[in-house]
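S.K.:
Numbering (the working numbering), first residue to last: 141 to 375.
(1) Where does residue 314 fall in DSSP's three states?
(2) Could you check the C-alpha separation between residue 160 and residue 176 for me, to the nearest Å?
(3) Does DSSP classify residue 233 as helix, strand or coil?
(4) For residue 219, which residues does DSSP report across the bridge?
(5) Which term fits residue 336, buried or exposed, when burial requires 16 or more other beta carbons within 10 angstroms of its beta carbon?
(6) Output yes or no for whether 8 Å exceeds the beta carbon distance between residue 194 and residue 229.
(7) Applying the 10 Å Cβ sphere with the 16-neighbour rule, what's the burial state of residue 357?
(8) For residue 171, which residues does DSSP report across the bridge?
(9) Which word fits residue 301, buried or exposed, when buried means at least 16 other C-beta atoms lie within 10 angstroms of its C-beta?
(10) Suppose the cutoff is 7 Å on Cβ atoms and the five residues either side in sequence are ignored; what does the same chain contact list for residue 294 look like?
(11) Could you pull the DSSP bridge partners for residue 214 from this structure?
(12) Out of 316, 330 and 315, which has the shortest C-alpha to C-alpha gap to residue 322?
(13) Thinking C-alpha only, which one of 243, 226 and 143 is nearest residue 189?
(14) From residue 258 to residue 274, what distance separates their C-alpha atoms?
(15) Are the region 240-259 and the region 160-174 touching, with three or more C-beta to C-beta distances below 8 Å?
(16) Cα separation between residue 232 and residue 186?
(17) Can you find the residues in the same chain that come closer than 6 Å, C-beta to C-beta, to residue 158, ignoring five residues on each side of it along the sequence?
(18) Using 8 Å as the threshold, is the C-beta distance between residue 264 and residue 156 below it?
Structure representation (structure tokens):
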């Protein structure tokens with residue numbers, strides 16, 4: 141276990157985003173990076189199936205309203221008393237990683253656990269923000285301001301069949317999946333564009349509108365930023 145603690149501490153020191161706090165300040169939030177935070181490892185022992193216990197712990201944690209200010213990065217080590225199985229549970233928010241950078245975190249944790257030195261060339265989130273701040277975006281903003289002039293965001297109204305108030309945190313988490321084959325002859329058309337077109341089609345069906353406006357979260361990893369694909373940052 142000492143080897144794992146050392147690896148976790150190395151990971152936190154290497155990636156500033158894991159040492160980041162978000163502090164309320166007026167009507168905005170400040171991102172504060174701690175120099176040497178105390179590593180917090182929570183040890184939990186269970187008597188039930190370790191997979192079931194882990195799932196229940198994740199479910200309880202997902203509905204807990206995390207207060208801003210304390211560290212958001214948390215590590216749990218779960219041990220099954222009878223079988224001595226162990227699991228490492230990592231809690232992060234999407235303000236600290238995206239789908240690409242999470243893989244880098246796991247890779248670096250494995251490297252540190254094996255006692256090897258982590259690469260020092262990984263760009264930090266602060267470097268990425270500095271790059272974005274100094275980009276000339278006035279022409280881009282002007283284009284979208286003119287293009288979207290007079291439009292409004294497409295909204296889905298609540299179901300008319302229910303008057304009950306609800307939230308995304310109510311009830312258990314339900315997962316569903318379906319395998320959808322890619323359409324033929326899609327050369328040059330990214331899969332993300334197909335998903336956007338499908339969502340636009342659904343919005344048109346549900347609202348009856350043909351002039352649709354909706355937001356899209358982009359990880360912008362195609363930006364001309366050095367080693368951008370390996371930068372550790374949020375979505």
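Glycine residues also receive a C-beta, built at the ideal position from the N, C-alpha and C atoms. Computed from a predicted structure; not experimentally measured.
M.R.: According to the structure shown:
(1) coil
(2) 11 Å
(3) coil
(4) 185 and 226
(5) exposed
(6) yes
(7) exposed
(8) 162
(9) Low confidence applies to residue 301: its pLDDT is 48, below 50, so where it sits in the model is not reliable, and the reading given next is rough at best. When all chains shown are included, residue 301 counts as exposed.
(10) 343, 347, 349, 352, 353 and 354
(11) 231
(12) 330
(13) 226
(14) 29 Å
(15) no
(16) 22 Å
(17) 152 and 213
(18) yes
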